[in-house]
Amino acid sequence: MNVEELNKCWSTGHALEFFGKTPEFAAAKMRHSSGAELEVGLYGGQVLSWIVGGRERLFLSQKADFVRGKAIRGGVPIVFPQFGSGTLPAHGFARTSEFFVRQTSVEEGGRVNLTLGLIDSAETRRVWPHNFSLSLLISLGEDLYMELLVENTGAKALEFQSLLHTYFSVPDIRAVRVRGFEGVSFSDFLNGGRESVDNLNDRPITEQTDQLYIDAPDFAAILDEASCPLFQVEKERFGDFVLWNPWIEKSAQMADLSPNDYLKFLCLEAGNVRSKIALSPGESFTSSQRLMVI
Ligand code: BG6
Numbered sequence: 029m030n031v032e033e034l035n036k037c038w039s040t041g042h043a044l045e046f047f048g049k050t051p052e053f054a055a056a057k058m059r060h061s062s063g064a065e066l067e068v069g070l071y072g073g074q075v076l077s078w079i080v081g082g083r084e085r086l087f088l089s090q091k092a093d094f095v096r097g098k099a100i101r102g103g104v105p106i107v108f109p110q111f112g113s114g115t116l117p118a119h120g121f122a123r124t125s126e127f128f129v130r131q132t133s134v135e136e137g138g139r140v141n142l143t144l145g146l147i148d149s150a151e152t153r154r155v156w157p158h159n160f161s162l163s164l165l166i167s168l169g170e171d172l173y174m175e176l177l178v179e180n181t182g183a184k185a186l187e188f189q190s191l192l193h194t195y196f197s198v199p200d201i202r203a204v205r206v207r208g209f210e211g212v213s214f215s216d217f218l219n220g221g222r223e224s225v226d227n228l229n230d231r232p233i234t235e236q237t238d239q240l241y242i243d244a245p246d247f248a249a250i251l252d253e254a255s256c257p258l259f260q261v262e263k264e265r266f267g268d269f270v271l272w273n274p275w276i277e278k279s280a281q282m283a284d285l286s287p288n289d290y291l292k293f294l295c296l297e298a299g300n301v302r303s304k305i306a307l308s309p310g311e312s313f314t315s316s317q318r319l320m321v322i
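Residues in the sequence shown are numbered from 29 upward in steps of one, following this note's numbering.
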């Protein structure tokens, strides 16, 4: 569907309308009465921008590739059905698939809702031989709520990993702290997956970081230098959190990041990574995150 058709079928007016993010990539613009604004691309079902209090709260690389087949660096990429590397493309195929619109609505209380969908196709079955249906609810109020529903629509059991790979925009990575992981076990991907227990109440990020907090509590926060909260994340039925920043050398190897971009974001990613979710035929599973700017 082109932008005109999308608007004809799905626009709710000013609160939700479609536009061309680039000539090739359609996106929805959502507006809440609090002044919050959101952009969601149909490619990857990816949130690309979230404005609260007149300020952008998500990082989107200026060098992000808006090219079909490539992942877009920034916003909230959807990782499904595989986290990281494996037999499928890295982080799965959802982030490089075109989603369709299932529903749009504006609630009485004013929340603006967009539900996107993705179902198996010849292309997905070639790399992952399963029938599935994915629904992604993106709901904008004063907060941003995202809910991922995965259904097994086939005749055989399936297993998947899923994750919301949120790129939070931060004033300077060297000045932020992450709260919520004291006493939580983590696996350090940069150290062969070695497991330890975090002993820091407020964790600073001072180097390349890539760790999986296993069975993490459902609340985490990103704080500023003075330990005042910038963001709160509340997850439900996502077991883990991934904390990632590529720092200087790794980001220098990434063509879709500029040299100082690593200073500008922190990925705090709610996901089911350690324990895969198993679904028998007909079963479904819902998980969600709620992001709040403090
Ligand atoms: C994180 C992983 O979730 O995503 C990292 O833990 C990875 O290992 C990062 O480098 C970015 O992945 P990609 O495929 O978008 O470059």
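Here a beta-carbon is modelled for each residue, glycine too, at the ideal position from N, C-alpha and C.
- Under DSSP, residue 260 forms a beta bridge with 249, 320.
- Runs of the alpha helix (DSSP H) lying entirely within the segment 126-152, each at least 4 residues long, are absent.
- Taking the C-beta atoms as reference points, residue 53 is found no nearer than 9 Å to residue 34.
- Pairing residue 77 with residue 48 gives a Cβ-Cβ distance that is not under 9 Å.
- Cβ-Cβ separation between residue 171 and residue 318: approximately 5 Å, consistent with a contact (criterion under 8 Å).
- Fewer than three beta-carbon pairs drawn from the segment 157-174 and the segment 282-297 are found closer than 8 Å, and the two stretches are therefore not classed as touching.
- Of the candidates 282, 193, 197, the residue whose Cα lies closest to the Cα of residue 266 is 193.
- Taken through DSSP and simplified to helix, strand or coil, residue 272 comes out as strand.
- Ligand 1 has a heavy atom closer than 8 Å to the beta-carbon of residue 105.
- Apart from the 5 residues on each side of it in sequence, residue 94 sits with its Cβ closer than 6 Å to the Cβ of 50, 53 in its chain, given in chain order.
- Here the segment 232-243 lies against the segment 298-313, with 3 or more beta-carbon pairs under 8 Å apart.
- For residue 36 and residue 29, the gap between their C-alpha atoms comes out near 10 Å.
- According to the DSSP secondary-structure assignment, residue 216 is paired through a beta bridge with 222, 239.
- Sorting 277, 197, 161, 139 by C-alpha distance to the C-alpha of residue 148 places 161 at the top.
- Closest by C-alpha distance to residue 312, out of 262, 180, 259, is 180.
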